Structure formats: structure tokens, C-alpha cells
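Only one structure is covered here, and it is reproduced in the block below.
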Amino acid sequence: MSILSRLRRPGAPVDPLVAALQEVLDPQRVRNDGAERSLTSHDASVFAGGVSGPICFPTTTAEVQAITRVAVEHGCAIVPRGAGTGLAGGAIPLGAPIVVSTGKMNRILQVDTENGVAWVQPGVINLDLSRHLRPKGFHFAPDPSSQQVCTLGGNVANNSGGPHCLAYGVTDAHVLAIEVVLPNGEIVMLGGLDPEPAGYDLRGAFVGSEGTLGIATRIAVRLTKNPPAVRTLLLSFAKTRDAAQTVSAIIAAGIVPAALEVMDQRMTIAVENYVAAGYPTDAAAVLLAEVEGLPAGVEIDAGRIGDIGRANNATGVRQAASDEERALLWKGRKTAFGAVAQVAPDYYLHDTVVPRAALADMLEKIYEICERHDIMVMNVFHAGDGNLHPLLVFDARVEGTLERVHAAGAEIVRASLDAGGVLSGEHGIGVEKQGFMGEMFSDVDLDHQNRLRQAFDPTCRSNPGKILPMGHSCADIQALRAVPTGVWG
Amino acid sequence: MSSLTSSDEALHAFAADVGDTDPIAVEGGGTRWQTGGVLHESARLVSAPTGIVDYRPEEMVVTVRAGTRVAELHTVLIEANQRSALPERGGTVGGAVAVGENRLDLQGRGSVRDAVLQVRYVSAEGDVVTGGGPVVKNVSGFNVPKLMVGSLGTLGLIAEVVLRTNPSPTASQWLRAADVDPVAARAAVLGPSSVLWDGSSTWVLLEGHEQDLEDEIAALSSIGEFVETDGPPDLPPYRWSLPPADAAAFHRETSGDFVAAIGVGIVHADTAQPRREVDPGITVVAERMKTLFDPKGRLNPGRSPKT
């Protein structure tokens, strides 16, 4: 044991796990006081019930490996944690595991333009990477709304998306190699800089596995060239259905814009009150469409999108005249969730995907469900890929409200599945949708997902209690049942 | 069987054919039959079901049974001005996914691994298993489709896939120039669908709107004498996968014929790529994966995607 930790708590009995962690890490980077453990017991979701063990702040792969070995020796679970912006409870520690924060692993290690990659540590913030790359002519394509704070390790864990993933694809299309500390403490490199690495695509299996297969310690992300031309259009509609149909019509016309985002009227009003981005507040819905690429094609596609909008009853079609106007529109879109704070103290952001053709009906269904449960709903979503984000706003202090929110949410998820969709487009399953996995997948399907997990983590050490529903291994750990019943909705 | 599994009788008939006991392999077009090792002679050969089940151009997705020829799929897609990432070399959809090799115009069409949204396969136990989902964006559960791409049928026998499709470009042109730095050629244009180099000539495939193509051709002309050509050069038989920078320097490694995909890292050469070293830690995970998915080793015995 180091001198510092002995000095810090003279005479006090030291938790043997904490003592062991302080042997392998600077004791200042092992935190175990109640206040800090309370902070890491939840993420940005509404889910409560997490119990954090000691929190470690490693700076190197070797330190992550040492922490993992301590976890193995002590028979303790381990949960990686980025910025804690997750919305599905994926980073909520269950059963007092060691929490490994990547907060101090925040260096951009190398930009290798010859191989078209940047090597980063997992704690690098998404937007910081793109800011670093832009002057060199590149950016990192996935751009979640939380990109000012969320980390690349978190993006890998959740296979994060963002508005611009319509044309460019989500995180797994932009991660070439990942150095991982496996749950047994071994360090491996998944994937590679070559386009078709030998063996099973374990990198593909790892991306989106929500911290259940190990901890990413170095990531090679693909560099995307900055497009020479960008056009941003704002289309207004008197009916939400017309906005949804415009989206389908644009894709059917063979145009794949960089982004196609819809906000409904309640959302637009909240955004305007918050940042005055220039959105019309009298429209039932607005569609933000962005096309990128070479100048002529961009002009042609922007013109066609305007025409398609008008053919689908758009009441207004406006093209951003300057970079400032474009930036302001995006600022409005990306701060939508912050804007909601003026409407009500709490929100629950859902995330499901339906086929684009089902968007219009699905939106009506969402309004109907929320009205029936007496919950206000606002919609802002990645319409281009059918990815809905109904935002249920409420005041959790009002008794019975949270129960109604969960009931409405469950109906929305089921309606999305009924429409031929899936449980989550970019937020993941975490604890939020574990209970719904059996409604999308058969027992055999889930058993095969469990096999994938077991191949990486046969002892269920890494982030147990997530993704797979109860009844499958790594979900049925007795200690995890300390969670209050009912909070998972 | 619950309503969650496919109601497609063709898939269940395939599963019944596969059964749950003897060594087995699927025969597709046979275009990559030797990839990953020699199939053990004990293996019984079966064929995957054929046919396009559902095609929705406006969703950019197609559901297709694994035994369908890629060429047949593309004939249907082109009617809606779309195409896919699958290579067209006389084989089947299931074979293309199981092998996982990308096309020469990978940068225009995307990779096979990114195109597979959902996969239904028959397990070693003879069950029809579904991984992924039928929409273009999905993070519901573990990414089983990624695991199946390139697995050579050693974890499950692919029966049906849902693929992402893409619109065909309005214009497309192959160009060729001698004595041009291929890396400079790639940098001179925004998003070439392919840049190939054989050590002396450079080929570039440009796709997009006509006016943009004219501008890109003008940009290329400033660095070399590019002329229009019908297509890519003939390719030597062996395929190497290298980091892009190593592929661009391939001429230093060989005195033989080669065609390198610049910016991608695939090199077609007249000798086979030396066996790539696999991290021992990875081997442990991969072997555990194989044992968990195929405890009796009956799926494609003799084959392994490691080589």
C-alpha cells in the first residue's frame, strides 16, 4: 500500500479492494467517497438504482489492465464510463462494481493521413477530435447531439449516431481498430488498419456492446474529408405528415442527404425561445435538410429537395444564405434537449427506429399515446433514417407522473416494433430496453447474442446486468437485484 | 416457433435440411471455394434458399435469400436505380456475405460489412436465428450480423440477409493515366469510388453528377494525362489486405504484377499474402466464439477465416 493512502485515513479500516487499486494506481486517482460514488451511480437517463464501487481514473492501457486484474483477483465486476451522457442506463453501475472512468485518457495520439486514421484515447471528446481535424481537411463523421461532451469511448460503446450519419453511417463504419483490455485483463487489438483484417470481425462485435465486452483503451477512427460544398435547407409544413412524406420522397428520389432532421411545433417553439435560431414557430413541423459534396451535385440535390418539399405541401422553403445562418440552424437543432428545460424540469428521450414509410403514422400514434397518458411530447428526430426521438417532458415531483411516462414509453416502443422497426437506433439497450429485447428477438436469437458476449467475457465481469434480459447469463447476478423494482419501466 | 422468427417456409425447409448432426457446408457459386482452407470431405453440401423476398427502394433495403445470385439481385436493384456493396463475380448473396470481400469500387458503394443490416442463419443446432434488424439504423442488442460477415459459414449458415442499398450515380467514368502519383490523384478529387495502381498506370473511377465529374476530370488533368477507359485493369489472382500506406508502397515489396487499391489497402498480386499473425489473445476469443456457436465443429469443417 502506498504511503499516501495510509496517511489519508489513519487508523481507518481500508477497503481491501480500494487498497489493492491504490497499489496499482496513484492513490489520488482511486476515489471512494460517497459523494463521488453517488455521481457515478447514474448517467443522463431517468434510471436510478445504480450503486458505484470505487472509481478509478487511469491514464494508460497498462493501468486499465492493472485495474482489471484487481477486479479479477477480487471477483469484482468492472464498468467503463465516459462522460455519462448515455440515455439508456448503459453506464449505470449495478452491484457496486469498480467504475473505470476514461476522463483522464483524453489525448489525441496521432493523426495518420497516409492511412486515413486518427488514433485516440477513449476519453477524447467527440467535438474536440473534429475541431482538431478540421484545419487538416478532415472530420469525424458521427456527431451525436451530445458531441460537445460525449467521449469517443462512449461512442464506440454505444455505436453512436447523430444527424450526419444518414449519409456517412454510424460509429461502427468509422472505427478501424480498437485496443481493448478484455475482462480477463488481457490486451488485444481488434480489427486493423487494413480493410479486411483476418479472422472474425471482433471489432464489429465490440462496437455497440455497451461496455460488456471489455474496455477500449486506444481507438483508430476513420478520417472523413471535409466536403467542399454544403447546402442547408429549412422546409416548413402545416402538417407533420407532409414533413414525414417529404423525407420518404427525398430518399425515394435517389438523394441521400448528409442529414434530414425533423422538429415538431412544440420543439421548434422551445428551441426558438432558447436560442432564436430562426425557425418558424407557426409551422406544425420543420425539416432541416443538408446536402454535402461536390458543388454541382449539391446545387442540383438542394434544388430537388426544395421541389419535393413543395410537391408535398411545404409552406416555406429557405436555403441558409451564409455559414452563420447554417451554424445557427444547427445550433438550434443540437440544443433542442437543453431547450426543453424551460418547458418542464424532467424529460425522457426515447429512441426507436421505424421504416421511413411508417414515420407519418408513427408520429400520429406517438401523439395519441402521450395524450392518452396525459404526458406532453415533443418530437425532434433523425427522419432520414427513420430514427424517432420522442421527448416526453414532465415534472417527476408530481406523484404518479413517472409511472405514466414509463407506460407511454413502453407503448411507443411496442408500436415501433409493430411498425416493422427496432428498439433503438443509437442510444442502445442498457437497462432501459432490456425488458423489451424478448419482444424483438426470440429466445434462440438472444441465446446467440449471449454466446457472442460469453466469447469475450465468460465470467460476466464487464458491465453485468445490461442488454440481455433477465433469464440470460450476465443478467442474473444476485447482487444486481438490489435495484428498486419498477424503475426500469 | 414464436412470431419473432421468420415465417418464411423456405428458411425453415433449409433449416430442416441442415439438421443438427452431421458435418455440413453450403455450396454457393463456388467462386471463393478455397478461401479459408479446404473443406473437409465429410461435409454434406446443401444449397441455401433463393429469391428476393422484399425490396423497398424508398427504404434503401432489400431482403434476399442467401442462395440468390448477386447478379440477379443487382438486375432487380438497377430497375429502381439502386445497387449494393456486394461483389459480382458469379456467386451468391450468401457466399458474398460469408466471404466478406469488398468490391474494387468499395469507396463508392461502401463495404459488405456495413451493408448487412440483418442476417438470418441456421445454427449448428438447426435453428433459424436472427441477428440485427431490417432498418438502416439499429443498435438493438449485440451485433451478430457483423460477426457473420466474413465468417465463412463457420458460426452459422446464412439463409437470408437484409441489405442496405444505395442509389446509382447519374454519371460514372473510369480514367487512366501513366506516370502519375496515385496518392496525389486520389487527393486531387473528393471522393473517387476507386483509385488503382499497377506500379506504372493509375486508374480512377469517378461517380456522381455529370458537372462534378467534368470538374473532377479537369482537376485530375492538372496532374497527369488522364484518358477515358472502359474499366479497371485485369487483376492478378491473389488478394492482400494491407494498411493503405503499405499498399501504396507495394511496388517496393514485389517484382511481380500487382494492382493496389489506393486509399483502401487491398492489393491484387500474383503471389499469396503471407499468413497474417493473429494476436494470441484474439485467437482465444475467436476459438471460444467458434466453440459456443458450433460446439461439435460441424459447420464448414476445415475452414477458418483466420487465413
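Chains as they are written, first to last, in my numbering: chain A, 1 to 489; chain B, 1001 to 1307. Quick reminder that beta carbons are idealized off the backbone N, C-alpha and C, glycines included. This one's a predicted model, so the numbers in the text were calculated from it and none came from an experiment.
Give me the Cβ distance between residue i and residue j, rounded to the nearest whole Å; I'm assuming they're in contact under 8 Å.
{"i": "A/LEU392", "j": "A/THR240", "result": "About 17 Å; that fails the 8 Å criterion."}
{"i": "A/GLY123", "j": "A/GLY82", "result": "7 Å"}
{"i": "A/GLY90", "j": "A/GLY438", "result": "Rounded, the Cβ-Cβ distance is 19 Å, inconsistent with contact."}
{"i": "B/VAL1064", "j": "B/ILE1078", "result": "Not really, about 14 Å apart at Cβ, beyond 8 Å."}
{"i": "B/THR1068", "j": "B/VAL1093", "result": "5 Å"}
{"i": "B/VAL1128", "j": "B/LEU1299", "result": "Rounded, the Cβ-Cβ distance is 15 Å, inconsistent with contact."}
{"i": "B/GLY1141", "j": "B/GLN1118", "result": "That belief does not hold up - the Cβ atoms of B/GLY1141 and B/GLN1118 are roughly 12 Å apart, past 8 Å."}
{"i": "B/LEU1205", "j": "B/PRO1192", "result": "6 Å"}
Rank the options by C-alpha distance to the C-alpha of residue i and give the top, closest one.
{"i": "A/GLY95", "options": "A/GLY153, A/GLU114, A/VAL79", "result": "A/VAL79"}
{"i": "A/GLU179", "options": "A/LEU193, A/VAL170, A/ALA407, A/ALA396", "result": "A/LEU193"}
{"i": "A/ASP15", "options": "A/ASN32, A/ASP395, A/THR59, A/VAL64", "result": "A/ASN32"}
{"i": "B/GLY1036", "options": "B/ILE1282, B/LEU1152, B/VAL1204, B/VAL1046", "result": "B/LEU1152"}
{"i": "A/ALA44", "options": "A/VAL70, A/ALA88, A/SER52", "result": "A/ALA88"}
{"i": "A/ARG356", "options": "A/LYS365, A/ALA419, A/ALA336", "result": "A/ALA419"}
{"i": "B/THR1154", "options": "B/LYS1296, B/ALA1066, B/GLY1224", "result": "B/LYS1296"}
{"i": "A/LEU382", "options": "A/THR40, A/LYS365, A/GLN28, A/CYS165", "result": "Checking the sequence shown, residue 382 of chain A turns out to be His, not Leu. Measuring from the Cα of A/HIS382, the nearest candidate turns out to be A/CYS165."}
{"i": "A/GLY199", "options": "B/VAL1149, B/LEU1213, B/ASP1212", "result": "B/VAL1149"}
{"i": "B/ALA1015", "options": "B/GLY1126, B/GLN1082, B/GLY1028, B/GLY1091", "result": "B/GLY1126"}
{"i": "A/THR113", "options": "B/ILE1262, B/ALA1171, B/PRO1280, B/GLU1101", "result": "B/ILE1262"}
{"i": "A/ALA259", "options": "A/GLY214, A/VAL377, A/VAL275, A/ASN387", "result": "A/ASN387"}
{"i": "A/MET263", "options": "A/ALA71, A/ASP361, A/ALA244", "result": "A/ALA244"}
{"i": "A/ILE55", "options": "A/ARG37, A/GLN65, A/LYS136", "result": "A/ARG37"}
{"i": "A/ALA289", "options": "A/ILE250, A/THR459, A/ASP323, A/VAL111", "result": "A/ILE250"}
{"i": "A/VAL444", "options": "B/ARG1109, B/GLY1156, B/GLU1287", "result": "B/GLY1156"}
{"i": "A/ALA216", "options": "A/GLU261, A/PRO197, A/TYR279, A/LEU152", "result": "A/LEU152"}
{"i": "A/VAL51", "options": "A/HIS42, A/PRO58, A/THR59", "result": "A/HIS42"}
{"i": "B/VAL1180", "options": "B/LEU1163, B/ILE1223, B/ALA1187, B/ALA1249", "result": "B/ILE1223"}
{"i": "A/LEU127", "options": "A/VAL111, A/VAL149, A/LEU39", "result": "A/VAL149"}
{"i": "A/ASN155", "options": "A/GLY254, A/THR102, A/VAL188", "result": "A/THR102"}
If you count every other CB in all the chains shown that lies within 10 Å of the CB of residue i, and 16 or more means buried, which is it?
{"i": "A/PRO163", "result": "buried"}
{"i": "A/ALA20", "result": "buried"}
{"i": "A/ASP201", "result": "buried"}
{"i": "A/VAL398", "result": "exposed"}
{"i": "B/THR1165", "result": "buried"}
{"i": "B/THR1021", "result": "exposed"}
{"i": "B/SER1200", "result": "exposed"}
{"i": "A/GLY471", "result": "exposed"}
{"i": "B/ARG1275", "result": "exposed"}
{"i": "B/SER1042", "result": "exposed"}
{"i": "B/ALA1185", "result": "buried"}
{"i": "B/GLN1107", "result": "buried"}
Please determine whether the Cβ atom of residue i lies at a distance below 8 Å from any heavy atom of the ligand ATP.
{"i": "B/GLN1034", "result": "Annotation note on the ligand ATP: not contained in the displayed structure, which lists no ligands."}
Starting from residue i, follow its DSSP beta bridges and name the residues at the other end.
{"i": "A/ILE308", "result": "DSSP, once it has assigned bridges, lists no residue as partnering A/ILE308."}
{"i": "B/GLY1132", "result": "B/GLN1118"}
{"i": "A/GLY191", "result": "A/ALA177"}
{"i": "B/TYR1238", "result": "B/ALA1269"}
{"i": "A/SER232", "result": "First, the residue type needs correcting, since residue 232 of chain A is Thr and not Ser in the sequence shown. Partner(s): A/GLU290."}
{"i": "A/ALA216", "result": "A/VAL180"}
{"i": "B/ARG1303", "result": "Answer by DSSP bridge pairing: none, since B/ARG1303 is not bridged."}
Going by beta carbon distance, what residues of the same chain come within less than 6 Å of residue i, once the five residues before and after it are set aside?
{"i": "B/ALA1247", "result": "ALA1260, GLY1265, VAL1267"}
{"i": "B/ASN966", "result": "Only positions 1001 to 1307 of chain B appear in this structure, which leaves residue 966 of chain B out of reach."}
{"i": "A/ALA344", "result": "VAL393, PHE394, ASP395"}
{"i": "A/ALA482", "result": "Its pLDDT being 43, under 50, A/ALA482 is placed unreliably by the model, and the measurement read from it follows with that caveat. If we look at A/ALA482 and ignore the five residues flanking it on each side, it has no Cβ neighbours."}
{"i": "A/ARG107", "result": "GLN121"}
{"i": "A/TYR347", "result": "VAL340, LEU391, VAL393"}
{"i": "B/ASP1054", "result": "THR1063"}
{"i": "A/SER248", "result": "ARG356, ALA357"}
Among the residues of its own chain, which have a CB less than 8 Å from the CB of residue i, if the five just before and after it don't count?
{"i": "A/ASN313", "result": "PHE237, ALA238, LYS239, ASP242"}
{"i": "B/THR1271", "result": "TYR1238, THR1254, GLY1256"}
{"i": "A/HIS494", "result": "The requested residue 494 of chain A is not part of the displayed model; chain A covers only 1 to 489."}
{"i": "A/LEU176", "result": "VAL117, GLY191, GLY192, LEU193, ARG203, ALA220, VAL221, ARG222"}
{"i": "A/ALA320", "result": "ARG231, THR232, LEU233, LEU234, ARG326, LEU329"}
{"i": "B/VAL1227", "result": "LEU1175, ARG1176, ALA1177"}
Less than 7 Å between C-beta atoms, sequence neighbours within five positions excluded: which residues of the same chain meet that for residue i?
{"i": "A/LEU349", "result": "LEU87, PHE337, HIS389, LEU391"}
{"i": "B/GLY1302", "result": "GLY1037, VAL1038, LEU1039, HIS1040"}
{"i": "A/PRO295", "result": "PRO228, ALA229"}
{"i": "B/GLY1090", "result": "GLY1029, THR1031"}
{"i": "A/ALA408", "result": "ILE369, CYS370, HIS373, ILE375, LEU392"}
{"i": "A/TYR274", "result": "THR335, GLY338, ALA339, GLN342"}
{"i": "A/VAL405", "result": "TYR348, ILE375, LEU392, PHE394"}
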